[in-house]
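J.:
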Amino acid sequence: MTSPLVWRISRESARLIGYKCTSCGWVSFPERKRTCKRCGAAPAEFEELQMKPFGKIISFVIQHRLPEGFQTPLPLAVVEFDEGARVYGEIIDCRPEEVQVGLEVEADLRVMYEENGLDIYSYKFKPRRGSA
Amino acid sequence: MVDIASYGVYVPRYRIKAEEINQAWGRSGGRGEKAVAAPDEDVLTMGVKAARAALMRASLDGAQVEAVYFASISSGYAENALAAQLAGLLGANQGVSVADFGLSTRSVTSALQACTDAMEAGRIGCGLVIASDRLIAKPGSDYELSYAAGAAALVLAKEGFASLGGFSAYSSGFVGRSRAEGQFHGTVDERFVMQQGFLEHISLAIQDLTKVMNITLDQFGQVVLHAPDLRWGNRALAQIGLDPKKHVSTFAQIGYAGCASFLVDLAYALEKLTSLRKILAVSYGPGGSDALALSVEKQPSKMHGLMTVEEQLNQKEHVSYSTYLRYSRLLGGPR
Chain R
1 MTSPLVWRIS RESARLIGYK CTSCGWVSFP ERKRTCKRCG AAPAEFEELQ MKPFGKIISF
61 VIQHRLPEGF QTPLPLAVVE FDEGARVYGE IIDCRPEEVQ VGLEVEADLR VMYEENGLDI
121 YSYKFKPRRG SA
Chain X
1 MVDIASYGVY VPRYRIKAEE INQAWGRSGG RGEKAVAAPD EDVLTMGVKA ARAALMRASL
61 DGAQVEAVYF ASISSGYAEN ALAAQLAGLL GANQGVSVAD FGLSTRSVTS ALQACTDAME
121 AGRIGCGLVI ASDRLIAKPG SDYELSYAAG AAALVLAKEG FASLGGFSAY SSGFVGRSRA
181 EGQFHGTVDE RFVMQQGFLE HISLAIQDLT KVMNITLDQF GQVVLHAPDL RWGNRALAQI
241 GLDPKKHVST FAQIGYAGCA SFLVDLAYAL EKLTSLRKIL AVSYGPGGSD ALALSVEKQP
301 SKMHGLMTVE EQLNQKEHVS YSTYLRYSRL LGGPR
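Rendered as structure tokens:
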């Protein structure tokens with residue numbers, strides 16, 4: 001059985017749609033929150049924001065020991081999109097030693113894992129070399 | 001009138017040289033190289049990138065597209081409509097016309113023709129045709145030297161920079177290369193398939209196109225031939241009497257990516273265009289061949305921040321044969 005959680009990718013995740021707090025400008029991605037994490041507005045008013053696939057690494061870790069099913073060494077990073085939203089994701093298409101704080105990255109739709117023969121997708125991040 | 005308003009191409013970053021593959025199997029030499037997809041890339045992830053590039057070049061939003069037609073022979077699914085998934089990822093409206101084409105590399109021109117027909121019938125005003133393939137050959141086989149990955153997309157609209165002027169098809173019961181679900185291509189007599197299949201089918205499709213359009217071959221400034229083998233393409237040029245200088249092909253740089261190769265080469269031809277001219281583009285796959293004529297009326301727009309086909313061909317990282325095997329997922333392992 002395919003679990004209902006993954007049988008489709010959410011509209012926000014698929015198209016990088018974030019939610020911007022109308023009071024302070026904080027951007028939530030991919031969830032539309034009820035309260036603003038930064039200014040504390042509750043209930044907060046959010047407007048939809050089409051984000052660009054660009055951002056930079058804020059912090060990272062290179063994982064060397066992971067359970068079966070993961071390729072190691074695996075760089076994992078907190079990435080801040082140019083619009084301000086922060087996410088956690090895999091860094092791909094580069095050697096682990098190239099990963100550094102401040103590295104400009106581009107969100108890239110990739111297969112995350114396979115469930116019952118069905119590819120499940122999400123964004124990973126690769127060093128920005130131009131957009132294709 | 002149906003025009004090409006934009007194109008988009010996605011070539012994976014990794015390459016393997018034919019020489020490296022040959023070396024792994026104790027053979028010497030080898031010409032060219034081919035594009036290799038990362039283990040977490042598939043026809044959908046590559047297709048969506050080509051389509052987004054095409055939409056960006058046309059300054060279009062996914063919601064403005066009324067049809068998403070997808071061609072591939074390597075989705076890996078016996079049942080799972082990827083055109084609808086692509087439409088969703090691109091932000092198309094839920095009433096968008098979607099269709100999946102496959103089972104032959106020729107299906108790329110079936111998709112193109114279906115989209116053209118829908119526009120000519122007035123049912124849609126703007127459509128997206130996407131082709132994406134990730135071909136995996138049996139290790140050690142001849143096909144392993146050329147089977148590659150890539151994707152490309154065209155935006156068709158009422159007004160663009162090139163018009164689709166003519167379409168001719170030639171179909172027969174000839175099969176050639178075929179493959180059962182989940183299996184590798186079996187070995188066939190390639191010489192026979194080239195002669196009786198490829199050469200005969202594309203020649204007759206081209207012959208019909210020139211007759212219908214009342215045009216001679218020398219009027220075409222560029223030629224795109226959907227050949228699954230570099231030698232087949234060269235042989236066809238000689239047999240049909242086409243100037244090899246007019247042949248636009250990415251085969252030596254990225255290999256053969258099934259349905260996608262036809263659109264990648266066509267996009268490359270549009271990009272390389274230095275003067276306004278006619279382009280002959282011929283597809284081939286089990287079952288037959290389609291020939292189409294394009295008239296380029298304006299130079300396609302150059303988009304800042306969007307990689308050209310040429311840049312994508314040049315931006316690459318070579319991998320070893322063992323990495324290639326891991327990336328092709330023939331050994332299993334994580335994505």
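Protein chains in written order, with the UniProt record's numbering: chain R, 1 to 132; chain X, 1 to 335.
Glycine is no exception: its CB is placed at the ideal position from the N, C-alpha and C atoms.
1) Interface residues of chain X around Ile92 (chain R) at Cβ under 9 Å?
2) Which residue's Cα is closest to the Cα of Glu120 (chain X): X:Ala137, X:Asp3, X:Leu273?
3) Please work out which residues of its chain come closer than 7 Å, Cβ to Cβ, to Gln85 (chain X), disregarding the five sequence neighbours upstream and downstream, and give them in chain order.
4) Got a sec: is the Cβ-Cβ distance from Lys56 (chain R) to anything in chain X below 9 Å?
5) For Met1 (chain R), count neighbouring C-beta atoms within 10 Å of its own C-beta (all shown protein chains included) and say buried if the count is 16 or more, exposed if not.
6) Suppose the cutoff is 6 Å on Cβ atoms and the five residues either side in sequence are ignored; what does the same chain contact list for Ala149 (chain X) look like?
7) For chain R, check one thing: does any of its Cβ atoms lie closer than 9 Å to the Cβ of Gly102 (chain X)?
8) Kindly indicate if chain X contains any beta-carbon less than 9 Å away from that of Ala132 (chain R).
9) Using 8 Å for Cβ pairs, my map puts Val105 (chain R) next to Pro127 (chain R). What's the rounded Cβ distance?
10) Return helix, strand or coil for Pro96 (chain R), following the three-state DSSP convention.
11) Take the Cβ of Val248 (chain X) as the centre, count every other Cβ of all protein chains shown within 10 Å, and call the residue buried at 16 or more, exposed below.
12) Reducing DSSP to helix, strand and coil, say where Met307 (chain X) ends up.
13) Buried or exposed: where does Gln312 (chain X) fall if 16 or more other Cβ atoms within 10 Å of its Cβ makes it buried?
14) Indicate whether the contact test is met: 3 or more Cβ pairs, each with one atom in the stretch 44–63 of chain X and one in the stretch 75–91 of chain X, closer than 8 Å.
15) Is it right to say Ala267 (chain X) is buried, meaning 16 or more other beta carbons lie within 10 angstroms of its own, or is it exposed?
16) Under a Cβ-count criterion, where at least 16 other Cβ atoms within 10 Å of its own Cβ denotes burial, should Ala157 (chain X) be classed as buried or exposed?
17) Grouping DSSP H, G and I as helix and E and B as strand, with all else coil, what is Lys302 (chain X)?
18) Give the DSSP bridge partners of Gln50 (chain R), in chain order.
19) Do you know offhand how far Ala153 (chain X)'s Cα is from Val9 (chain X)'s?
20) In the DSSP assignment, find the unbroken alpha helix (DSSP H) run with Met46 (chain X) in it and report its ends.
21) Going by C-alpha distance, which of X:Tyr147, X:Ile21, X:Gly29, X:Leu237 is nearest Cys259 (chain X)?
22) Does Ser59 (chain R) come out as helix, strand or coil in the three-state DSSP assignment?
23) Would DSSP call Thr2 (chain R) helix, strand or coil?
24) Taking contact to mean at least 3 C-beta pairs separated by less than 8 Å, is the stretch 193–211 of chain X in contact with the stretch 308–324 of chain X?
25) Quick check on DSSP: helix, strand or coil for Ser203 (chain X)?
26) With DSSP run on the structure shown, which of helix, strand or coil describes Arg134 (chain X)?
27) DSSP three-state call for Ile21 (chain X): helix, strand or coil?
28) Based on the DSSP output, what are the partners of Cys24 (chain R) in its beta bridges?
29) Between the stretch 53–74 of chain X and chain R, which residues of the former have a C-beta closer than 7 Å to a C-beta of the latter?
30) In terms of residue numbering, what span does the alpha helix (DSSP H) encompassing Ser261 (chain X) cover?
31) Tell me the residue span of the alpha helix (DSSP H) that contains Met119 (chain X).
32) Is it buried or exposed for Lys20 (chain R), if we count other Cβ within 10 angstroms and need 16 for buried?
33) Note down, in chain order, each residue of its chain lying with its Cβ closer than 6 Å to the Cβ of Thr35 (chain R), except the 5 sequence neighbours on either side.
34) Can Gly255 (chain X) and Ser6 (chain X) be called in contact, C-beta distance under 9 Å?
T.: Working from what's here:
1) Counted from its first residue, the first sequence places residue 92 (chain R) at position 92. Within chain X, the residues near Ile92 (chain R) are Ala38, Asp40.
2) The residue labelled residue 120 (chain X) in the question sits at position 120 within the second sequence. For Glu120 (chain X), the nearest C-alpha among the options comes from X:Asp3.
3) Sequence index remark: in the second sequence, residue 85 (chain X) carries index 85 (1-based). Within the same chain, Gln85 (chain X) has close Cβ partners Leu44.
4) If you number the first sequence from 1, residue 56 (chain R) lands on position 56. Proximity of Lys56 (chain R) to chain X, defined by a Cβ-Cβ separation below 9 Å, is not satisfied.
5) Along the first sequence, one-based indexing puts residue 1 (chain R) at 1. Confidence at Met1 (chain R) is low in this model, with a pLDDT of 40, below 50, so the placement of that residue is unreliable and no value is reported for it.
6) Mapped onto the second sequence, residue 149 (chain X) falls at position 149. Correct list, in chain order: Pro12, Ala35, Ala37, Arg134, Ala257.
7) As a working mapping, residue 102 (chain X) is identified with position 102 in the second sequence. Closer than 9 Å: no.
8) Position 132 of the first sequence holds residue 132 (chain R). Confidence in Ala132 (chain R) is poor, its pLDDT being 45 and thus under 50, which makes the residue's placement unreliable; the coordinate value appears in the next sentence. With respect to chain X, the C-beta atom of Ala132 (chain R) has a partner C-beta closer than 9 Å.
9) Locating residue 105 (chain R) in the first sequence gives position 105, counting from the first residue. Locating residue 127 (chain R) in the first sequence gives position 127, counting from the first residue. Taking C-beta atoms under 8 Å as the contact rule, Val105 (chain R) and Pro127 (chain R) qualify, at a distance of about 6 Å.
10) As a working mapping, residue 96 (chain R) is identified with position 96 in the first sequence. The answer is helix: DSSP assigns Pro96 (chain R) an H, G or I state.
11) Your numbering for residue 248 (chain X) matches position 248 in the second sequence. Around the beta carbon of Val248 (chain X), a 10 Å sphere encloses 16 or more other beta carbons of the protein chains shown; the residue is thus reported as buried.
12) What you label residue 307 (chain X) is simply residue 307 of the second sequence in a count that begins at 1. In the structure shown, the three-state DSSP call for Met307 (chain X) is coil.
13) One-based indexing of the second sequence puts residue 312 (chain X) at position 312. When all chains shown are included, Gln312 (chain X) counts as buried.
14) Yes, the stretch 44–63 of chain X touches the stretch 75–91 of chain X.
15) Numbered from its first residue, the second sequence carries residue 267 (chain X) at position 267. By the 10 Å Cβ count, Ala267 (chain X) comes out buried.
16) Reading the second sequence from its first residue, position 157 is the one you call residue 157 (chain X). By the neighbour-count criterion, in which 16 or more other beta carbons inside 10 Å mark a residue as buried, Ala157 (chain X) falls on the buried side.
17) What you label residue 302 (chain X) is simply residue 302 of the second sequence in a count that begins at 1. Looking at Lys302 (chain X) - three-state DSSP - the assignment turns out to be coil, as it is neither helix nor strand.
18) Numbered from its first residue, the first sequence carries residue 50 (chain R) at position 50. For Gln50 (chain R), which the question treats as bridged, DSSP gives the partners R:Ile17.
19) On the second sequence, residue 153 (chain X) is found 153 positions in, with the first residue counted as 1. On the second sequence, residue 9 (chain X) is found 9 positions in, with the first residue counted as 1. C-alpha separation (whole angstroms): 6 Å.
20) Reading the second sequence from its first residue, position 46 is the one you call residue 46 (chain X). That run of the alpha helix (DSSP H) goes 43–57.
21) As a first step, residue 259 (chain X) is located in the second sequence; it is residue number 259 there, counting from the start. The residue among X:Tyr147, X:Ile21, X:Gly29, X:Leu237 with its C-alpha nearest the C-alpha of Cys259 (chain X) is X:Tyr147.
22) Translated into positions along the first sequence, residue 59 (chain R) becomes position 59. Correct three-state label for Ser59 (chain R): strand.
23) Within the first sequence, residue 2 (chain R) is the residue found at index 2, counting from 1. Residue confidence is low: Thr2 (chain R) scores 49 on pLDDT, short of 50, so the model does not pin down where it sits. Its coordinate-derived value is still stated next. Three-state DSSP puts Thr2 (chain R) in coil, outside helix and strand.
24) The stretch 193–211 of chain X vs the stretch 308–324 of chain X: no contact.
25) Here the question's residue 203 (chain X) lines up with position 203 in the second sequence. Three-state DSSP puts Ser203 (chain X) in a helix.
26) Reading the second sequence from its first residue, position 134 is the one you call residue 134 (chain X). Strand at Arg134 (chain X).
27) The residue labelled residue 21 (chain X) in the question sits at position 21 within the second sequence. In this structure, DSSP gives Ile21 (chain X) a helical state, which the three-state scheme calls helix.
28) The residue you call residue 24 (chain R) lines up with position 24 of the first sequence. Per the DSSP secondary-structure output, Cys24 (chain R) pairs with nothing in a beta bridge.
29) Answer set for the stretch 53–74 of chain X: Ala53.
30) One-based indexing of the second sequence puts residue 261 (chain X) at position 261. Run containing Ser261 (chain X): 258–272, per the alpha helix (DSSP H) assignment.
31) Within the second sequence, numbered from 1, the residue matching residue 119 (chain X) stands at position 119. Per DSSP, Met119 (chain X) belongs to the alpha helix (DSSP H) from 107–120.
32) Within the first sequence, the letter at position 20 stands for residue 20 (chain R). Answer is buried; the Cβ neighbour count reaches 16.
33) Sequence index remark: in the first sequence, residue 35 (chain R) carries index 35 (1-based). Cβ contact annotation for Thr35 (chain R) (same chain, cutoff 6 Å, sequence separation greater than five): Ala42, Ala44, in chain order.
34) Position 255 of the second sequence, counting from 1, holds the residue named residue 255 (chain X). Position 6 of the second sequence, counting from 1, holds the residue named residue 6 (chain X). With contacts defined by Cβ atoms closer than 9 Å, Gly255 (chain X) and Ser6 (chain X) do not form a contacting pair.
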